[in-house]
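Here's the structure, in structure tokens; my notes come after.
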Amino acid sequence: MRTLLVVGIGAGNPEHMTVQAINGLNRADVLFIPDKGEAKSELAGLRREICDRFVTNPKSRRVEFEVPVRAEPAASYRATVDDWHEAIAGIYEALIRDELVEDGCGAFLIWGDPCLYDSALRILERVQARGNVEFALEVIPGITSVQALAAGHRLALNRIGDAFLVTTGRRLAQEGMPDDAGTAIVMLDGKCAFRTLADKDLSIFWGAYLGTPDEVLVCGRLGDVEDEIVRLRDEARRRKGWIMDTYLLRRPGEPQE
110 MRTLLVVGIG AGNPEHMTVQ AINGLNRADV LFIPDKGEAK SELAGLRREI CDRFVTNPKS
170 RRVEFEVPVR AEPAASYRAT VDDWHEAIAG IYEALIRDEL VEDGCGAFLI WGDPCLYDSA
230 LRILERVQAR GNVEFALEVI PGITSVQALA AGHRLALNRI GDAFLVTTGR RLAQEGMPDD
290 AGTAIVMLDG KCAFRTLADK DLSIFWGAYL GTPDEVLVCG RLGDVEDEIV RLRDEARRRK
350 GWIMDTYLLR RPGEPQE
């Protein structure tokens, strides 16, 4: 039976690669590298750099494939994502069927960790459910942007006796700062949802291109630094053509007993 490895490669720094991830890439006969178009060609380039640096298996080869662009959300965000995942599932199925021999091993290189706000595992579940191609699945964890953000700011994610919540920009804009956690980590925020918050005394710890030479970090009282973050974000996106960022919000003071 074919084996598929879903390998977390970290937040952008090749040195985020774990020994397990390096060994996994060297087990693979085929390394699948997504191409998200000219604007995000640097992301494919970083994957190639990781392969160049760590893969020593002379029998391995790379297969690059185009990833369709997700449509702008229409009436239903979930339906839009579902259609997008279905299209990618067809691509994955063809790659597995056509590029791997019956007992071959392939690897998908996933930013951060495959289990946190990444869709590869859900898409591969779709492929398995179709029943057209059989494979065993293994997951190798990686360093997430959440960990890289906290390390960059030299910050503990949780306060003593307090919960923290990982959420999305969409939910932050809809629901505000959560009532049941003193800290919220916000991912997948393309519209600077922190600007919608009424409480400007929150602390924000923001970072973009975490772990890379282009890393940008800003922290401070939300009301004091939100305009700077928006400006830096816009400038970086225009300069590079893409941006990956995340941030942590924290209420002032210590949690009550």
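Add 109 to a position in the sequence shown, counting from 1, and you land on the number used in this note's numbering. All C-beta atoms, glycine included, are put in the ideal place defined by N, C-alpha and C.
Item                                                                                                       : Value
Segment contact, 8 Å Cβ cut-off, at least three pairs: the segment 149-166 with the segment 123-138        : yes
Buried or exposed (CB count within 10 angstroms, at least 16 for buried), Ala-257                          : buried
Beta strand (DSSP E) segments (min. 3 residues) lying fully within the segment 240-321                     : 244-249, 273-277, 292-296 and 312-317
Straight-line gap, Ala-260 to Glu-363 (C-alpha atoms, nearest Å)                                           : 21 Å
Classification of Val-255 by the beta-carbon crowding that lies within 10 angstroms, buried from 16 upward : buried
Status (buried if at least 16 other CB within 10 Å, exposed otherwise) for Ala-216                         : buried
Extent of the continuous alpha helix (DSSP H) run through Asp-354                                          : Looking at the DSSP string, Asp-354 is not in any alpha helix (DSSP H); the run it does join, the beta strand (DSSP E), is 354-359.
Given 8 Å, three or more beta-carbon pairs between the segment 270-285 and the segment 325-338             : no
Every unbroken alpha helix (DSSP H) inside the segment 173-239 [4 residues or more]                        : 186-208 and 229-239
Beta-carbon spacing of Val-116, Leu-218 below 9 Å                                                          : yes
Residue span of the alpha helix (DSSP H) that contains Ala-159, given as start and end                     : Here the sequence assigns Ile to residue 159, which means Ala is not the residue at that position. Taken as a continuous stretch (DSSP letters only), the alpha helix (DSSP H) holding Ile-159 covers 150-163.
Gly-117 - DSSP class collapsed to helix/strand/coil                                                        : strand
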